[in-house]
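Number of protein chains: 2
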Amino acid sequence: MSKEVNKFAHPFDKTRLEALLNRRFFYAPAFEIYGGVAGLYDYGPPGSSLQANIIAEWRKHFIIEDHMLELDTTIMTPASVFETSGHVARFADWMVKDTKTGDVLRADHLVKNVLEARLAGDREVRGLAAQPQKEDEKKKKKKVKNLAVQLADEKVKEYDTILAQLDNYSGPELGELCRKHGIRNPDTDNEVGEPQQFNLMFASSIGPTGQHPGYLRPETAQGHFLNFSRLLEFNNGRIPFASAQIGRSFRNEISPRAGLLRVREFTMGEIEHYVDPADKRHERFHEVRHIVLSLLDRHVQIQGSTELTRMTIGEAVDKGLVANETLGYFLARINLFLVNIGINPKRLRFRQHMANEMAHYATDCWDAEIENVSGWTECVGCADRAAYDLSVHSARTGHPLVVRQALKEPIITEKEVPEFNKKVLGKTLGRDAGLVQKIVWEMDEAQLLEFKGELAQGSAKLSAEGREITLTPELLSIERKTFKQSIREFTPNVIEPSFGFGRILYTLLEHSFWCREQDVERGVLSLPPVVAPTKVLIVPLSAKEEFEPLVQEVSTKLRKAGIFSRVDDSNTSIGKRYARNDELGTPFGVTLDFACIQNQTMTLRERDTTDQLIGPIDDVISVVTALVQGSMNWAEACQRLAVYDGVQAVD
Amino acid sequence: MSKEVNKFAHPFDKTRLEALLNRRFFYAPAFEIYGGVAGLYDYGPPGSSLQANIIAEWRKHFIIEDHMLELDTTIMTPASVFETSGHVARFADWMVKDTKTGDVLRADHLVKNVLEARLAGDREVRGLAAQPQKEDEKKKKKKVKNLAVQLADEKVKEYDTILAQLDNYSGPELGELCRKHGIRNPDTDNEVGEPQQFNLMFASSIGPTGQHPGYLRPETAQGHFLNFSRLLEFNNGRIPFASAQIGRSFRNEISPRAGLLRVREFTMGEIEHYVDPADKRHERFHEVRHIVLSLLDRHVQIQGSTELTRMTIGEAVDKGLVANETLGYFLARINLFLVNIGINPKRLRFRQHMANEMAHYATDCWDAEIENVSGWTECVGCADRAAYDLSVHSARTGHPLVVRQALKEPIITEKEVPEFNKKVLGKTLGRDAGLVQKIVWEMDEAQLLEFKGELAQGSAKLSAEGREITLTPELLSIERKTFKQSIREFTPNVIEPSFGFGRILYTLLEHSFWCREQDVERGVLSLPPVVAPTKVLIVPLSAKEEFEPLVQEVSTKLRKAGIFSRVDDSNTSIGKRYARNDELGTPFGVTLDFACIQNQTMTLRERDTTDQLIGPIDDVISVVTALVQGSMNWAEACQRLAVYDGVQAVD
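Chains as they are written, first to last, in the numbering used here: chain H, 1 to 651; chain C, 652 to 1302.
Here it is in structure tokens:
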């Protein structure tokens, strides 16, 4: 019934997409009229709505569905917190300076850009897949020039291997690569210096005296961990449970150049799921067992390959590829969420971090990476932070961040316990008393038993700092005692899914964008209704007063049905207004003209096909409500309403 | 039918409220286990929900209702923006230092605290309203001690006058007050130094070189203004319209000590309504005309009085008390919003700023102030920023931030225009040519006409830098020309309602809190359903498996009805669970026991009265849905369902 639409008639053109996003104010460089600041963006009305809808869906999919405890914690953080968490010492990237101009470059990005350019030049000479450079790409100053120079075969292989494990190099190794392969600043052709660490946190100070250094948080996670005791109490002392937070974080990136994919300020959603380290099963894992993911584990990468394995998450956990059910549950749920909001599942993979690549706090990490025109980009990280954070904060502050569980069966243990006769001990051994006690207390069970045996013979000898000291039963007795433990105390492990909403939003826009077959100038964003900024566009023939009551009626009915609509009564043709709203991703439109007023009917237009249907106003509203809520698809809608041929009788 | 409840049986006790909020983790000092940082708070699960619900209601009430354009802009801002906006020079408070310890105090707060303490001491001696200090208040170190010393009558009057216009004093005046009235640091009894300005913005720097100074925004407003051209274009070039933004802002307060009422990091909602300076009418003003507000204008305050005037906003605008309809529209809408979410209308007033009190950018300002235990607190500001911001940014960047309107009727004007014969002019006058042109161009219409007359006589004389220069018609002609203006270009004025959600949230908690008459230990938060963190509590008799299907059924049905519920199956009595949820402000509860399973009935409990009703499960769900949505009140619910006497037949 509905028209076939070819969304691939024109190859994807990033320049066109960016022009559209700029023209329709999805987002724009912040402080643009001041010349802008790299890595900072403002979201306009459609971008704000799209982001708000993605976040609302996230809240429903994760927080509500799994009864997570939501938090809203502070961005400005005293330095001591990030000293403890390790961020002051280790949350850094490696940068190199141009030896002549002093320009600063991120070391790994430099290596990547230069080697990729050389490989592209090589392919060009070999006559392989050398895409012609586009006009507007040539214009970009910062683009690394492809020199059409053929490389030795083993060189090509070496470069490929370096690129496949690029994230695994340390700073000194990156410096070594620059020297070995003659990597220079492509903008100036100058040599670069040794890589140096640059901390990515923005620094400030709190209070009027300037004595309290602070940082803007680079993640929301610490705000969860510091409140762990309160959260546990709120959850009646039970684990597992998760806390969740949506909020702004800041990273002072060295030289952000990739639009929304690498920014200095961003909205993230973070979940901290607290689990018993001895039991990382998940009670809802059976619900997601069957879900098939594209996996790229660390063993494959370390061999210089990026080949994906398609596998159910159930199988991946059973095989030990994914460490446990809880981690597996979240990978599957992340996959569901991303596909649900419109990410192309064929361009979504889960990549495991290599050992050197992991953040300092993580013991394992899988990234959900989404393919886009600049490659595969991490959009969600899913890290096993183990007990790292809770342990270090607890040790630093002396505040226990632990779970105490009553044991069903108390654990009865027996062990040898040394007991000193302190009075006599001091008199007899003098300054050695302390040393002797320390040595005995550090003995294990076997050593204590042996020592007990010797004491039973009358005396036992100890070697302390090279001297030999003799102990007698008068000084020390060792006895077997029974202990009953009825409480188990432990530091939970933390599994952390962490979402960058800006990256998800941008890749979603890329996946949604296409141009109409008959006219490449007519761009469309095929955003699913669940995230589209506006669900229904109301298009009166004109802004004239006679349409006002009908516009009011329709928009009120839609609002009551919970559907967000917008009226476009601007002074252009209906066709132009629809074209504008195709660019805004509005999935449905209803047109109000004189025939509607007379017949109480309304036409309904679908964005992708541009099909139009017609029916009584209330029928159209109930159909569009079902379409937006996802309980009906367009083919079904075509069964419910008549096709509109563009002509309506008006007396 | 429903019980009478006395919410005022016990006087309001802030200590009890704070203990409740802390115990239930509405919010807590941020970084508490590190000793905390003044002015920074984390919101726990109920606080986050309450805030999210207030914000959702705000979005509906303002953004959706008036079709505002939502934005999400950047917090980290380059210094140049705040240099232009005036914040670098003028966004400051006056602080004084303790001359011995170096402790920093905010000057106006110091004066206020010391004078209020003296007045309280005076009242104590006179035997007036001297409340006995509570144990726990005595414990607070920072509390200014009331010295029971009687003051001269004129002194009392003088202090009252100072306090009524405290916000109107400049820094030097505050210094003068300290000297004149012997105001010292109450913590140490040391003298304080001269007031100095302290800028309230947090400073940082952007990028790896440290060369780009930045500030954290102290308001979201600049992010709106810098995007004005894009917003106007998005709105098809039409005004009036409004942009709106919800986001975090930062102010490095000097010594925050007032809980959520004065914090260093906060979530705000700001609306910038752009309006034609020549026409500040509002097309929906008639909808709010009748709304009665409590007003405190600047004339009343300057006389040392704080007496309120009750008046409809229509009358206030007609009388010129409130400057225009747009400002009036927002004051009324703010009033509606606050009352709707549960603020006590008797404790809400609108106070106009005095001249010296206004922010540097404002030409008029009314604050919505909410009364709480520490006095009247500004929770919403509604400022007329006129064309200030758009003009200064436009001047600094050269980017026009203006509206261009096609005039229906072109404006035809005639005026005298001087025209120089430049070739001859230079030859004849040499270096004076420029000077002469400047003088002539600066002439007004009358001067030009007179000069034209003289030229017609053959020559005209000019006085330039003390010399006399003669001009002839050969050098200069002055002619009457006709101008046709078909576009009107102007900088719009901005009316800005600006909401501090933390302050609204805290005052709402105070207004909602009371203790049950029969037991002061049983606190209740009577939050309206629209903002309550949880709408319905589901209380199964126990966590046993047999209740699981019914719990699932009820919570699924509620979720489908759009009602957020929570299950409390913790291991305590039903009474204790209800008491806990009274503290969390949960308005309704349903109990599931063995009788429910057998009879398919359910009881419904109302939080404030503790009344219980009973009926078939689906009836109870439809009643509670109507109650939560506000389409039914409790008295009506009592008509729909039977009273539950606490006994149900079980076979």
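Where is the CB? At the ideal position from N, CA and C, for every residue including glycine. Since we're looking at a predicted model, the values are computed, not measured.
ask   = For alanine 1115(C), which residues of its own chain have a beta-carbon under 8 Å away from its beta-carbon, when the five flanking residues on both sides are left out?
value = As a first step, residue 1115(C) is located in the second sequence; it is residue number 464 there, counting from the start. Asp1083, Leu1086, Val1087 and Ile1090.
ask   = Between the Cα of asparagine 819(C) and the Cα atoms of Thr860(C), Gly955(C), Asn850(C) and Arg741(C), which residue gives the shortest distance?
value = If you number the second sequence from 1, residue 819(C) lands on position 168. Of Thr860(C), Gly955(C), Asn850(C) and Arg741(C), the residue nearest in Cα terms is Gly955(C).
inquiry  = Between which residues of its own chain and alanine 1288(C) is the CB-CB distance below 7 Å, once the five residues before and five after are set aside?
reply    = Translated into positions along the second sequence, residue 1288(C) becomes position 637. The answer, listed in chain order, is Leu1264, Val1274 and Leu1278.
query = In its own chain, which residues sit with a C-beta less than 6 Å from the C-beta of leucine 828(C), not counting the 5 before and 5 after it?
reply = Counting from one through the second sequence, the residue named residue 828(C) turns up at place 177. The residues are Val762.
ask   = What are the start and end residues of the alpha helix (DSSP H) that includes threonine 77(H)?
value = As a working note, residue 77(H) is residue 77 in the first sequence. That residue, threonine 77(H), is in no alpha helix (DSSP H); its beta strand (DSSP E) goes 76 to 78.
request  = Could you check if proline 535(H) is buried or exposed, using at least 16 other CB atoms within 10 Å of its CB as the buried criterion?
outcome  = The residue given as residue 535(H) occupies position 535 in the first sequence. With the sequence shown as reference, residue 535(H) is identified as lysine, and proline is not the correct amino acid for it. Its Cβ being crowded by 16 or more others within 10 Å, lysine 535(H) is buried.
Coarse secondary structure for serine 1042(C), derived from DSSP in three states = On the second sequence, residue 1042(C) is found 391 positions in, with the first residue counted as 1. Serine 1042(C) falls in the helix class under three-state DSSP.
task = Could you please give the first and the last residue of the uninterrupted alpha helix (DSSP H) stretch that includes serine 1273(C)?
result = Against the second sequence, residue 1273(C) aligns to sequence position 622. Taken as a continuous stretch (DSSP letters only), the alpha helix (DSSP H) holding serine 1273(C) covers 1268 to 1280.
request  = For alanine 1046(C), count neighbouring Cβ atoms within 10 angstroms of its own Cβ and tell me buried if that reaches 16, exposed if not.
outcome  = Translated into the one-based positions of the second sequence, residue 1046(C) becomes position 395. Burial call: exposed.
query = Under the rule that 16 or more other beta-carbon atoms within 10 Å means buried, what is lysine 808(C), buried or exposed?
reply = The residue given as residue 808(C) occupies position 157 in the second sequence. Lysine 808(C) comes out exposed.
message = Taking 7 Å as the threshold (C-beta atoms), are phenylalanine 917(C) and alanine 743(C) in contact?
response = As a first step, residue 743(C) is located in the second sequence; it is residue number 92 there, counting from the start. As a first step, residue 917(C) is located in the second sequence; it is residue number 266 there, counting from the start. Not a contact, by the Cβ cut-off of 7 Å.
ask   = Once you ignore the five residues that flank lysine 1227(C) on each side, which residues in its own chain have a CB closer than 6 Å to its CB?
value = The count along the second sequence starts at 1 and reaches residue 1227(C) at position 576. Cβ within range, chain order: n/a, list empty.
task = Sort Tyr644(H), Lys557(H) and Trp634(H) by Cα distance to isoleucine 621(H) and report the nearest one.
result = Counted from its first residue, the first sequence places residue 621(H) at position 621. Residue Lys557(H) is the option with its Cα nearest to isoleucine 621(H).
key: Residue of Pro213(H), Ala120(H), Glu521(H) and His273(H) minimising C-alpha distance to asparagine 235(H)   = Here residue 235(H) refers to the residue found at position 235 of the first sequence. Considering only alpha carbons, the answer is His273(H).
key: Any 3 or more C-beta pairs closer than 8 Å across the stretch 367 to 374 of chain H and the stretch 343 to 351 of chain H   = yes
ask   = Can you name, in chain order, every residue of its own chain whose Cβ lies under 6 Å from the Cβ of phenylalanine 1102(C), other than the five neighbours on each side?
value = As a working mapping, residue 1102(C) is identified with position 451 in the second sequence. Hits under 6 Å: Ala1111.
ask   = Quick one: Cα of threonine 963(C) to Cα of glutamine 1003(C), how far?
value = In the second sequence, the residue the question calls residue 963(C) occupies position 312. In the second sequence, the residue the question calls residue 1003(C) occupies position 352. Going from the Cα of threonine 963(C) to the Cα of glutamine 1003(C) covers about 16 Å.
task = Run down chain C in chain order and give the residues with a C-beta less than 8 Å from the C-beta of glutamate 265(H).
result = In the first sequence, counting from the first residue as 1, residue 265(H) sits at position 265. Within 8 Å Cβ-Cβ: Thr725, Ile726 and Met727.
message = Ignoring anything shorter than 4 residues, give me the alpha helix (DSSP H) runs that lie fully in the stretch 1205 to 1243 of chain C, in order along the chain.
response = 1225 to 1234
request  = Just the chain H side, please: which residues come within less than 7 Å of threonine 860(C) by C-beta, in chain order?
outcome  = Stepping through the second sequence from its first residue, residue 860(C) is reached at position 209. Going along chain H in sequence order, the residues near threonine 860(C) (Cβ under 7 Å) are Val104.
ask   = Apart from the five residues on each side of it in sequence, which residues of its chain come closer than 6 Å, Cβ to Cβ, to asparagine 571(H)?
value = Residue numbering aside, residue 571(H) sits at position 571 when the first sequence is read from its first letter. So no residue of the chain qualifies.
key: Exposed unless 16 or more other CB atoms sit within 10 angstroms - verdict on glycine 500(H)   = What you label residue 500(H) is simply residue 500 of the first sequence in a count that begins at 1. Buried: at least 16 other Cβ atoms inside 10 Å.
Contact list for the stretch 684 to 705 of chain C against chain H, Cβ threshold 8 Å = Ile684, Tyr685, Val688, Ala689, Leu691, Tyr692, Asp693, Tyr694, Gly695, Pro696, Gly698, Ser699, Ser700, Gln702 and Ala703
message = At the level of alpha carbons, what is the spacing between leucine 1243(C) and threonine 1237(C)?
response = Within the second sequence, residue 1243(C) is the residue found at index 592, counting from 1. Within the second sequence, residue 1237(C) is the residue found at index 586, counting from 1. So the alpha carbons of these two residues sit roughly 17 Å apart.
task = With DSSP as the reference, please indicate the residues paired to proline 1026(C) in a beta bridge.
result = Position 375 of the second sequence, counted from the first residue, corresponds to residue 1026(C). Reading the sequence as shown, one finds glycine at residue 1026(C) and not proline. Answer is Asn1023(C), bridged to glycine 1026(C).
inquiry  = Can you pull the chain C neighbours of threonine 397(H), defined as C-beta to C-beta under 9 Å?
reply    = Within the first sequence, numbered from 1, the residue matching residue 397(H) stands at position 397. Within chain C, the residues near threonine 397(H) are Ile684, Tyr685 and Gly686.
query = Per the contact definition of three or more C-beta pairs closer than 8 Å, is the stretch 81 to 92 of chain H in contact with the stretch 355 to 362 of chain H?
reply = yes
task = Classify asparagine 356(H) as buried or exposed, calling it buried when 16 or more other Cβ atoms lie within 10 Å of its own Cβ.
result = In the first sequence, counting from the first residue as 1, residue 356(H) sits at position 356. By the 10 Å Cβ count, asparagine 356(H) comes out exposed.
query = Using CA coordinates, which residue listed in Tyr685(C), Pro696(C), Asn657(C) and Phe663(C) is at the minimum distance from arginine 674(C)?
reply = In the second sequence, counting from the first residue as 1, residue 674(C) sits at position 23. Minimum Cα distance to arginine 674(C) is reached at Pro696(C).
message = Among Arg1139(C), Gly888(C), Glu1119(C) and Met919(C), whose alpha-carbon lies nearest the alpha-carbon of isoleucine 705(C)?
response = Sequence index remark: in the second sequence, residue 705(C) carries index 54 (1-based). That would be Met919(C), whose Cα lies nearest to the Cα of isoleucine 705(C).
ask   = Are threonine 1048(C) and tyrosine 41(H) close, meaning C-beta to C-beta below 7 Å?
value = Residue 1048(C) sits at position 397 when you count from the first residue of the second sequence. Residue 41(H) sits at position 41 when you count from the first residue of the first sequence. Cβ atoms of threonine 1048(C) and tyrosine 41(H): not closer than 7 Å.
Beta-carbon proximity check, aspartate 568(H) vs arginine 607(H), cutoff 7 Å = Your numbering for residue 568(H) matches position 568 in the first sequence. Your numbering for residue 607(H) matches position 607 in the first sequence. No.
inquiry  = I'd like to know if arginine 230(H) contacts chain C, where contact means its C-beta is closer than 7 Å to some C-beta of that chain.
reply    = Here the question's residue 230(H) lines up with position 230 in the first sequence. Closer than 7 Å: yes.
key: Neighbourhood of serine 565(H) by C-beta distance below 8 Å, restricted to the same chain and skipping five residues each side   = Here residue 565(H) corresponds to residue number 565 of the first sequence, with the count starting at 1. Contacts found: Thr534, Lys535, Val536, Leu537, Ile538, Val554, Ser555, Leu558 and Arg559.
inquiry  = Here's the rule: buried if 16 or more other CB atoms are within 10 angstroms of the residue's CB, otherwise exposed. What is proline 859(C)?
reply    = Translated into positions along the second sequence, residue 859(C) becomes position 208. The residue is buried, with at least 16 neighbouring Cβ atoms inside 10 Å.
Beta carbon proximity, proline 219(H) to chain C, threshold 7 Å = The sequence position of residue 219(H) within the first sequence is 219, counting from 1. Just to set this straight, residue 219(H) is glutamate in the shown sequence, not proline. Judged by the 7 Å Cβ criterion, glutamate 219(H) is not in contact with chain C.
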